[in-house]
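Written out below as structure tokens is the structure these notes cover.
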Amino acid sequence: MKRLFGLVFLLVAAGVVRAEGVIEPGGKWVDDRGELIQAHGGGILQMGDTYYWFGEDRSKDIAKDHRGVACYSSTDLVHWVFRKRVVDSGRPEGVGEHWVLERPKVFHNEKTGKFVMYMHIDGPPAGSSEEGYILARGGVAVSDTVDGEYKMVGTFRPLGEESRDIGGFVDDDGAAYLIFESRPTGGFFIAKLLEDYLSVEKKVCFIKKPLEGGALVHYEGLYYVIGSKLSGWAPNANVYATAERLEGPWSEFKDLAPREAKTYGSQSTFLLKVVGKEKTTVVFMGDLWKPKELWDSRYFWMPVEIGGGRMGVPAPRAWGIEVGSGVVK
Ligand code: GAL
4 MKRLFGLVFL
14 LVAAGVVRAE
24 GVIEPGGKWV
34 DDRGELIQAH
44 GGGILQMGDT
54 YYWFGEDRSK
64 DIAKDHRGVA
74 CYSSTDLVHW
84 VFRKRVVDSG
94 RPEGVGEHWV
104 LERPKVFHNE
114 KTGKFVMYMH
124 IDGPPAGSSE
134 EGYILARGGV
144 AVSDTVDGEY
154 KMVGTFRPLG
164 EESRDIGGFV
174 DDDGAAYLIF
184 ESRPTGGFFI
194 AKLLEDYLSV
204 EKKVCFIKKP
214 LEGGALVHYE
224 GLYYVIGSKL
234 SGWAPNANVY
244 ATAERLEGPW
254 SEFKDLAPRE
264 AKTYGSQSTF
274 LLKVVGKEKT
284 TVVFMGDLWK
294 PKELWDSRYF
304 WMPVEIGGGR
314 MGVPAPRAWG
324 IEVGSGVVK
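Spelled out as structure tokens, the structure:
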């Protein structure tokens, strides 16, 4: 019997079989169709009891020169139903070949009822033979339903600044914020969105620390911001800081995990707050990138140790959550 358990554990760890009801960082996560989940650099929007996960669709079958965002839904954070490729976009105006659409984040605007997606749009300018992340723009797309077709409204530079990796955050009062990395400034911005969420209203804070993969959470009266250093697809030691107000002042940045573990090979993309009846659990969502096989990049989700101004990402293990109570199993 002991041997059998050992074998099952090894197979689960190797991603050969999927343990029921648990989240396995780095495992082979498939949707209800049995296909690899395509939600890289993603984020989650909760609508009632349902979680909608949006992220970069890096499937091999996307039309050449198209970029996609896929949407999945779940009520337990373990089983994900593929809803739709909600963005399957050709090149936006003014953008050249070898373009990218990365790190989509979706907000629901209660006043207008619209679903607003922000994303990082990059590449060379149209007509240029250059390659690389040159345009450094944000993109906005809108849909009437959570898993409908998101129509591109346009691309822009928030606050007139270069904008690469973006993150999204909705505060307890419903105000929505964009976090974006801005290379020439050597730091990143937290910007408030307009009431209709369709553009940026104002700068809330500039933090002079070159970080990307930015994400925020508000927990027991403190804001926690996290981010990764600028090392492309290669993992690094992600860090966090805290503040009583989004405007700052922000504390010094500290490591989220032992430095040499390089965030267990992952890069931050989102902080999910599961507010249960018994407990509030915050989940670190990161990507385990495979640059040569982006479609097979894996996901690293772990509930964080958080409180009193400290945050830590524990070493990976299979875990479960009872979303109703918020209790981690
Ligand atoms: C990372 C970034 C990813 C992607 C990658 C490309 O720094 O976080 O979203 O842009 O670089 O090299």
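Positions in the sequence shown are counted from 1; adding 3 to them yields the working numbering.
All C-beta atoms in this analysis are idealised placements derived from N, C-alpha and C, irrespective of residue type, glycine included.
Could you pull out every residue in the same chain whose Cβ sits closer than 7 Å to the Cβ of residue i, ignoring the five residues on either side in sequence?
i	result
A318	Y267
P294	W236
V156	V143, A144, V145 and L201
L233	P213 and E215
G24	V81 and G323
P238	K265, T266, G268, S269 and Q270
Near residue i, which residues of its chain fall below 6 Å by C-beta distance, leaving aside the five closest residues on each side in sequence?
i	result
V11	In this prediction, V11 scores a pLDDT of 46, lower than 50, which makes its location untrustworthy; no coordinate-derived value is stated.
V220	Y227, L274, K276 and V285
H101	G126 and E134
Just how far apart, CA to CA, sit residue i and residue j?
i	j	result
V33	F287	20 Å
S132	H69	18 Å
I309	V145	34 Å
K87	E184	29 Å
K195	R248	13 Å
G71	S300	15 Å
N112	A178	9 Å
G51	W304	22 Å
G289	A218	10 Å
F118	D147	6 Å
D176	L197	14 Å
A17	H43	Per-residue confidence for A17 stands at a pLDDT of 48, beneath the threshold of 50, marking its modelled position as unreliable; the derived number appears in the next sentence. So the alpha carbons of these two residues sit roughly 21 Å apart.
A321	Y121	31 Å
K257	E223	19 Å
Rounded to the nearest angstrom, how far is the Cβ of residue i from that of residue j, given a contact under 8 Å?
i	j	result
W56	I47	5 Å
S62	W292	Going by Cβ atoms, the distance from S62 to W292 rounds to 16 Å, so no, they are not a contact pair.
Y334	I169	An answer regarding residue 334 cannot be provided, because it is not within the stretch 4 to 332 covered by the chain.
S77	W83	5 Å
T158	P95	5 Å
Report all residues from its chain with a CB closer than 8 Å to the CB of residue i; omit the five preceding and five following residues, and keep chain order.
i	result
P252	A246
R167	H123, D125, Y136, A139, F183, E184, S185, R186 and E215
Could you give the uninterrupted runs of the beta strand (DSSP E) lying entirely in the region 260 to 330, keeping only those of 3 residues or more? 270 to 278, 283 to 291, 301 to 306, 308 to 310 and 313 to 315
Inter-stretch contact at 8 Å, needing at least 3 Cβ pairs: the region 199 to 216 / the region 259 to 266: no
Run through the region 39 to 84 for me and flag every whole beta strand (DSSP E) of 3 or more residues, listed as ranges in chain order. 43 to 50, 53 to 60 and 70 to 77
Any chance you could list the beta strand (DSSP E) runs of at least 3 consecutive residues sitting entirely within the region 144 to 210, in chain order? 154 to 159, 169 to 173, 179 to 185, 190 to 196 and 203 to 210
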